[in-house]
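Structure first, then comments.
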Amino acid sequence: MLCLIFVVISAAFPELHATQFKDLIEMVNTTDKTWVYSSTTNRTDYECAYCTKPGLDCTQHHCFYEYEYHYSTRSAQTQETREAILMDQCPKHVKTPCILRRKGKQRIMKLLMYYHRDHHCAVYKVIGLTGRNEGGFLQGMTQRSLLS
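Those letters in the sequence shown? Residues -18 to -1, 1 to 130, by mature numbering (1 follows the signal peptide of the UniProt record, and there is no 0).
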């Protein structure tokens, strides 16, 4: 709920909360599951989606990030190994940290729009680098935030 309230406020006043690269690293650098709380993606058959982090290797301005994406559909549970780069300055969005990854030939950017340090809750804006919107907003929470 807190993330949803922020989406409305940040749309009206985007300068109120600037995210930092350390926020992005803190969100993904956990041994807990990072649950996808809600998404505006067109995939309505995904249920119980979450990520786990097997690897994170950082330098000063970017990190190489390997993660497992888990989700269920009506017919099966699926696990995909994915790779991405965490960047402190995104292409065309230099004031916003992001996760950059490939989906086939398509490159996807997840801009970190909001991060709540106490609740470990993040809101990402997902954009394809071709300019096509790949899924609107995506909210994620670590497992520890759901338990507190």
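Ideal placement from N, C-alpha and C gives every residue a C-beta, glycine not left out. Only a predicted model underlies this, so the values are computations on that prediction, with no experimental measurement involved.
Check	Outcome
Residue 40 versus residue 80 - alpha carbon distance	14 Å
Proximal residues to residue 32 (C-beta, below 7 Å), its chain only, five neighbours per side dropped	15, 16, 17, 18 and 52
Runs of beta strand (DSSP E) lying entirely within the region 37 to 68, each at least 3 residues, in chain order	44 to 54
Residue 5 versus 60, 85, 94 and 88, residue with shortest Cα-Cα distance	94
In DSSP terms, what residue 98 is bridged to	103
Residue 101 beta carbon less than 8 Å from that of residue 9	no
One or two residues paired with residue 82 in a DSSP bridge	67 and 91
Residue 76, buried or exposed, once every other Cβ within 10 Å from all chains shown has been counted against 16	exposed
Buried versus exposed call for residue 85 [16 or more other C-beta atoms within 10 Å across all chains shown]	exposed
Residue 57 burial status per 10 Å Cβ neighbour count (16 or more: buried)	exposed
Straight-line Cα distance separating residue 99 from residue -1	13 Å
Distance, residue 36 Cα to residue 3 Cα	20 Å
Under the three-state DSSP convention, the category residue 76 falls into	coil
From 70, 60 and 54, residue whose alpha carbon lies closest to that of residue 46	70
Beta-carbon proximity check, residue 50 vs residue 65, cutoff 8 Å	no
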